[in-house]
Amino acid sequence: MKTLVLCLGNDLIADDAVGIAAARQLRDRVGDLADVEESAVSGAALLEIFLDYERAVIVDAIHTHRHPPGTILKLRPGDLGQVAAPSPHYAGLPELIVMAEQMELSFPKEIVIFAMEIEDSLTIGGEMTAPIRQALPQLVEQVVDQLKQWEADFSGV
Amino acid sequence: MSRREIVIDPITRLEGHGKIDIFLNDQGDVDKAYFQVPELRGFEKFAQGRPVEDMPQITSRICGVCPMAHHMAASKALDDVYKVTPPPAASKVRELLYNIFMIEDHALHFYFLGGPDFVVGPQAPKEQRNIVGVIGKVGVEAGKKVIGLRKKMRDLMRLTAGKAIHPVFGLPGGVSKGITKEEQKQYIESANEAVEFGKFSLDLFNKVVLQNSEYVDAITSDAYTHKTYYMGLVDENNKSNFYDGKLRVVDPDGKEYVKFAANEYLDHVAEHVEPWSYIKFCYLKQIGWTGFEEGPDSGVFAVAPLARLNAADGMAAPLAQEAYEQFFQTLGGKPVHHTLATHWARLVEMLYAAERMKELAEDDEITDPKVHAIPTEIPSEGFGVVEAPRGTLFHHYQTDERGLVTMANLIVATQNNAARIAMSVDKAAKGLIKKGEVNDGLLNMVEMAFRAYDPCNGCATHALPGQMPLLVQIYDPDKNVVSRIKRN
Chain P
1 MKTLVLCLGN DLIADDAVGI AAARQLRDRV GDLADVEESA VSGAALLEIF
51 LDYERAVIVD AIHTHRHPPG TILKLRPGDL GQVAAPSPHY AGLPELIVMA
101 EQMELSFPKE IVIFAMEIED SLTIGGEMTA PIRQALPQLV EQVVDQLKQW
151 EADFSGV
Chain R
1001 MSRREIVIDP ITRLEGHGKI DIFLNDQGDV DKAYFQVPEL RGFEKFAQGR
1051 PVEDMPQITS RICGVCPMAH HMAASKALDD VYKVTPPPAA SKVRELLYNI
1101 FMIEDHALHF YFLGGPDFVV GPQAPKEQRN IVGVIGKVGV EAGKKVIGLR
1151 KKMRDLMRLT AGKAIHPVFG LPGGVSKGIT KEEQKQYIES ANEAVEFGKF
1201 SLDLFNKVVL QNSEYVDAIT SDAYTHKTYY MGLVDENNKS NFYDGKLRVV
1251 DPDGKEYVKF AANEYLDHVA EHVEPWSYIK FCYLKQIGWT GFEEGPDSGV
1301 FAVAPLARLN AADGMAAPLA QEAYEQFFQT LGGKPVHHTL ATHWARLVEM
1351 LYAAERMKEL AEDDEITDPK VHAIPTEIPS EGFGVVEAPR GTLFHHYQTD
1401 ERGLVTMANL IVATQNNAAR IAMSVDKAAK GLIKKGEVND GLLNMVEMAF
1451 RAYDPCNGCA THALPGQMPL LVQIYDPDKN VVSRIKRN
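Order-wise, the sequence lines are chains P and R. The numbering used here applies: residue 1 is where the first sequence begins, and numbers increase by one. The numbering used here applies: residue 1001 is where the second sequence begins, and numbers increase by one.
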């Protein structure tokens, strides 16, 4: 089973770097379990990255003010709202999935999202804040655990 | 201050995206409506003290939407900082890659962005007015064509610019890698496909949009019309160019108002600050800021595809020139003030970019290995300008004698367009809110204007692949929030 770990973020922008920081640690950890990619692009431009993978983990920052910074949320695409995006920059994952289905593209059948609540998403050159730095190892562990779980499930079949 | 409160959708990662504030007067009618974007903090401080050669990489990585535009504006500013002229092949390689980027970006936008309003139709149920609806209407094959073409363009960018998304080839005085004769064949082959794709797209627009009077009525409706100035880069013949030339501004009657070089931008473009917004509103300095007003006495101007066609005398490529002429004939002559015509203008530009790509790819000088002139001057100050897909983009740097940045300023397309965007939002709100009652169509109306400009929101980063809701907040005369409307 071909598996993608897609880490989103921008290492020049404060806590938004968390996905990229995770990617750099994950590369040493996941071995043959998955391909680890990092990207700072948005929306519909992400479509191509997913093609030809069967499973995908997405790692990203999220800024809701509803959880303490450093909180890790595990989401499925169904948890994300239906889309009426005003721009393809903000096209949603559910929308990409439907597009891929309509165009009969090879898109991952199973997707898990690990999103970390962050504190500062707007300061260029800012360091990651302390709660984010502290929670980063746990984020990496959760991704590795997910990949191992998938591998075990697949081997067990 | 209640008006600073922001409701964040659980899947929106950057606060403030697409936030619209509407202020009511004592009668409950709209006093003013404002579109807001977040602004990234600390760019200037971050840039200070860094080698100026890093700017093409830094600025392109800050922007997750049009990194090639920042990379190219920065590379051109570096030429100016070191007062070095790239060899002819280097300029051609840069322009070739830049046009490839424009094709890729415009294709994405027309099919996935303009589509909701035109391909699917302005009257279609809102559930269908999204990317998925577009694929449903244009068909799976057209969708596959878009994906296939974008892949080819990205492969070429990876080949020469180093990376498809974040190019790394721009240097002061040229580029780090040229194009071999073998690679030239690949460029020519893909350019031919791009030209065919450009023709196919305009043909589709003709069939789906122009032969439907409802759609044409929507484009020309007063709700989306503003008589402003327009700015765009032009070559020595006043033909549109994305990579180089002078900035030409035409007045609301379409007559040339001024033409200037990038290093004169401070004489012509100024920024107005409003207390309610993070964004700085650009206006024409010599005319002045008179508020969010139309007409020749207001310095408000527009950039982006529609503005570029208005600001130029034509397109420097035969098929695009034909399309340009049809555009103005159909819409009643120059200039066209209908914001929604931007989607059509984008297709005219995509065909031009494809034809220009072919012309440059077939030029044998492009395989000349001399693609870098070594800078020898002491660095000082430089300006760079390009036409980003969303409009004119300025970079301006000052350095010390070692080439370390002491000042960096970027003016992005969304700032250039900000006043006109605010006017469109204001017009939609005034038409739809009466005596405190909010019409349900407000979001759709505002979204259609929003989509045409495609503001890139302060060069913010990507969004978690969830949706970006528009948030509308309505305030009473005492600035208390009385209502919030959110998509979904």
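Yeah, the Cβ is synthetic: ideal placement off N, Cα and C, and Gly gets one too.
Short Cβ contact (8 Å threshold) for residue i with residue j
i: Ala1311/R; j: Val1412/R; result: no
i: Ala22/P; j: Cys7/P; result: yes
i: Ala100/P; j: Leu26/P; result: no
i: Val59/P; j: Leu139/P; result: yes
i: Gly1403/R; j: Glu1044/R; result: no
i: Gly1174/R; j: Pro1086/R; result: yes
i: Leu1284/R; j: His1268/R; result: yes
i: Pro1088/R; j: Glu1365/R; result: yes
i: Val1386/R; j: Lys1032/R; result: no
i: Ala1194/R; j: Met1072/R; result: no
i: Ala1373/R; j: Val1084/R; result: yes
i: Glu1104/R; j: Met1153/R; result: yes
i: Pro137/P; j: Pro69/P; result: no
i: Met1445/R; j: Ala1302/R; result: no
i: Gly1384/R; j: Gly1028/R; result: no
i: Val1472/R; j: Gln102/P; result: no
Among the options, nearest to residue i - alpha-carbon criterion
i: Pro1067/R; options: Gln1321/R, Asp1155/R, Met1445/R, Ile1165/R; result: Ile1165/R
i: Gln1186/R; options: Leu1108/R, Ile1100/R, Leu1266/R; result: Ile1100/R
i: Lys1259/R; options: Cys1282/R, Tyr1229/R, Ala1419/R, Ile1279/R; result: Tyr1229/R
i: Asp79/P; options: His65/P, His67/P, Ala44/P, Pro94/P; result: Pro94/P
i: Leu105/P; options: Cys1282/R, Ile1147/R, Phe1023/R; result: Ile1147/R
i: Val1250/R; options: Val1300/R, Phe1281/R, Asp1244/R; result: Val1300/R
i: Glu1447/R; options: Glu1362/R, Phe1035/R, Glu1381/R; result: Phe1035/R
i: Glu1274/R; options: Ala1418/R, Ala1302/R, Gly1245/R, Asn1212/R; result: Ala1418/R
i: Pro1172/R; options: Ala1354/R, Ser1091/R, Phe1112/R; result: Ser1091/R
Residue i versus residue j - alpha carbon distance
i: Phe1110/R; j: Glu1401/R; result: 45 Å
i: His1070/R; j: Gln1415/R; result: 15 Å
i: Gln1184/R; j: Phe1242/R; result: 21 Å
i: Lys1434/R; j: Arg1346/R; result: 35 Å
i: Pro1318/R; j: Thr71/P; result: 57 Å
i: Glu37/P; j: Val1093/R; result: 28 Å
i: Gly1143/R; j: Phe1197/R; result: 12 Å
i: Gly126/P; j: Phe1046/R; result: 9 Å
i: Gly19/P; j: Asp11/P; result: 8 Å
i: Val1220/R; j: Leu1331/R; result: Per the sequence shown, the amino acid found at residue 1220/R is Thr instead of Val. Going from the Cα of Thr1220/R to the Cα of Leu1331/R covers about 8 Å.
i: Gln1398/R; j: Asn1263/R; result: 12 Å
i: Ala1191/R; j: Gln142/P; result: 45 Å
i: Glu1377/R; j: Trp1276/R; result: 44 Å
i: Pro1375/R; j: Asp1478/R; result: 59 Å
i: Val1371/R; j: Lys1181/R; result: 14 Å
i: Ala135/P; j: Gly9/P; result: 16 Å
i: Pro1335/R; j: Asp1313/R; result: 11 Å
i: Lys148/P; j: Met1407/R; result: 49 Å
i: Ala1298/R; j: Asp1454/R; result: The question names Ala, yet the displayed sequence has Ser at residue 1298/R. Using only the alpha carbons, I get a separation of about 23 Å.
i: Arg66/P; j: Met1350/R; result: 43 Å
i: Ala44/P; j: Gly1391/R; result: 20 Å
Cβ neighbours of residue i in the same chain (closer than 7 Å, five flanking residues each side left out)
i: Val1482/R; result: Ile1474, Tyr1475, Asp1476
i: Val112/P; result: Val57, Lys74, Arg76, Gln146
i: Gln82/P; result: Legend: pLDDT at Gln82/P = 48, less than 50; position of this residue unreliable, value from coordinates given subsequently. Only Pro94 meet the Cβ criterion.
i: Val1216/R; result: Leu1210
i: Pro1157/R; result: Checking the displayed sequence, the identity of residue 1157/R turns out to be Met instead of Pro. Hits under 7 Å: Leu1097, Ile1100, Phe1101, Ala1164, Pro1167.
i: Val1119/R; result: Val1134, Lys1137, Val1138, Val1208
i: Glu1141/R; result: none
i: Lys1227/R; result: Pro1252, Glu1294, Gly1295, His1337
beta-carbon residue i near the ligand FAD non-hydrogen atom, thresh 7 Å
i: Thr1160/R; result: The model on display carries no ligand, and the ligand FAD is accordingly not part of it.
Close Cβ partners of residue i (< 6 Å) along its chain, the five nearest in sequence each way excluded
i: Tyr1265/R; result: Phe1394
i: Ala1161/R; result: Leu1097, Pro1167, Phe1169
i: Gly1388/R; result: Checking the sequence, you will find Ala at residue 1388/R rather than Gly. So the list reads Cys1066, Ala1069, Ala1413, once near-sequence residues are dropped.
i: Gly156/P; result: none
i: Thr1367/R; result: Ile1179, Lys1181, Gln1184
Contacts around residue i, its chain only, beta-carbon distance under 8 Å, and the 5 residues preceding and following it disregarded
i: Ile62/P; result: Leu73, Ala115, Met116, Glu117, Ile118
i: Val1348/R; result: Leu1202, Pro1305, Leu1309, Met1315, Ala1320, Ala1323, Tyr1324, Phe1327
i: Gly1431/R; result: Ala1223, Met1445
i: Pro88/P; result: Confidence in Pro88/P is poor, its pLDDT being 47 and thus under 50, which makes the residue's placement unreliable; the coordinate value appears in the next sentence. Correct list, in chain order: Gly43, Ala44, Ala45.
Beta-carbon neighbours of residue i, restricted to chain B and to distances below 9 Å
i: Leu26/P; result: Protein chains P and R are contained in the structure displayed, whereas chain B is not.
Q: For the region 1415-1423 of chain R and the region 1188-1205 of chain R, state whether three or more C-beta atom pairs, one from each stretch, are separated by less than 8 Å.
A: no
Q.
Does the structure place the region 1329-1342 of chain R close enough to the region 1299-1315 of chain R that three or more beta carbon pairs sit under 8 Å?
A. Touching, yes.
Q: Mind the definition here: the region 1319-1333 of chain R touches the region 1282-1291 of chain R only if three or more C-beta pairs lie below 8 Å; say whether that holds.
A: Contact annotation: the region 1319-1333 of chain R does not touch the region 1282-1291 of chain R, with fewer than three C-beta pairs closer than 8 Å.
Q) Do three or more CB pairs link the region 144-157 of chain P to the region 119-136 of chain P at distances below 8 Å? A) no
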